[in-house]
Amino acid sequence: MVQQPTSQQRQTALDQLTAAVEAGRLTLDGFSDRTAAVYRATTPAELATVVHDLPPLPVGVEPAVVEHTPVGAVKRGGRWLVPARAAITTTVGAIKLDLVGAELPTDGAEVLVRARVGTIKVWLPDRWRVEISGTSTVGGRRIEENHPHTAADAPVLRLRLDTTVGTVKVYRT
Numbered sequence: 001m002v003q004q005p006t007s008q009q010r011q012t013a014l015d016q017l018t019a020a021v022e023a024g025r026l027t028l029d030g031f032s033d034r035t036a037a038v039y040r041a042t043t044p045a046e047l048a049t050v051v052h053d054l055p056p057l058p059v060g061v062e063p064a065v066v067e068h069t070p071v072g073a074v075k076r077g078g079r080w081l082v083p084a085r086a087a088i089t090t091t092v093g094a095i096k097l098d099l100v101g102a103e104l105p106t107d108g109a110e111v112l113v114r115a116r117v118g119t120i121k122v123w124l125p126d127r128w129r130v131e132i133s134g135t136s137t138v139g140g141r142r143i144e145e146n147h148p149h150t151a152a153d154a155p156v157l158r159l160r161l162d163t164t165v166g167t168v169k170v171y172r173t
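In the UniProt record's numbering, the protein residues as written are 1 to 173.
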């Protein structure tokens, strides 16, 4: 009988991926893809392949801000500066990200929002240009696009929204 990876082995792999993102050695898309691979792994050997080849630390890349809640809700709102690179994740729970009062860096930002099982809700201001990508394996996606008249030099938010089982809702205000 083939042994499945233990919960601790999976958590260790997730911790390694988080450290790689924080150090700038892994992009947010790479983090997203590899996190999915951690949960898909059916053997410890398969799990080990997910983290064995992390790229070296590139010069001049700002580390990402990573906020992870294994089980529970993540809520962010009010007046705050969105980091240039960020990952907000939960394994089981909801993520509510209100960006209406937030500010973007002048060079824009790249934010990964992932809920393995749960709902993602994001509120966006009309003053930003936003590029949205991501996947919902089981569940729905509803993204409001008001096509705001933003300035050509407005900061760009690159927002990746991923959920395995759950819904994604994006509102423009």
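Every residue, glycine too, gets a C-beta built ideally from N, C-alpha and C.
Quick caveat: nothing in here was measured; it's all calculated off a predicted structure.
With contacts defined as CB atoms closer than 7 angstroms, L157 and V130 qualify as a contacting pair. Setting aside the 5 residues that flank it on each side, V100 is surrounded in the same chain by W123, P125, T173, each with a C-beta closer than 6 angstroms to its C-beta; the list follows chain order.
About 11 angstroms separates the beta carbon of I120 from that of I143, a gap too long to meet the 8 angstroms contact definition. The closest CA to that of Q4, considering only V111, F31, A41, S136, is found on A41. By alpha-carbon distance to S136, the top candidate from R127, L161, A151, A152 is L161. A residue is called buried when at least 16 other Cβ atoms come within 10 angstroms of its Cβ; S32 meets this threshold and is buried. Inside the segment 27–99, DSSP marks whole beta strand (DSSP E) runs of 3 or more residues at positions 65–71, 74–76, 85–92, 95–98, from first to last along the chain.
Cβ neighbours of P44 within its own chain (closer than 7 angstroms, five residues either side excluded): Q3, P5, Q9. CA-CA distance, R114 to A37, rounds to 14 angstroms. Assigned with DSSP and collapsed to three states, D162 falls in strand. About 5 angstroms separates the Cβ atoms of G118 and G166, confirming a contact at the 8 angstroms cut-off. Of the other Cβ atoms in all chains shown, 16 or more fall within 10 Å of the Cβ of L159; this residue is therefore buried. Where E22 is concerned, the enclosing alpha helix (DSSP H) starts and stops at 7–22. Annotation for R141: the continuous beta strand (DSSP E) segment containing it runs 141–143.
Comparing C-alpha distances from A23 to each of A64, G30, V50, T49 shows the shortest one belongs to A64. Using a Cβ distance threshold of 7 angstroms, I88 and E67 count as a contacting pair.
About 6 angstroms separates the Cβ atoms of R127 and T150, confirming a contact at the 8 angstroms cut-off. In this structure, the CA atom of V82 is about 35 angstroms from the CA atom of E46.
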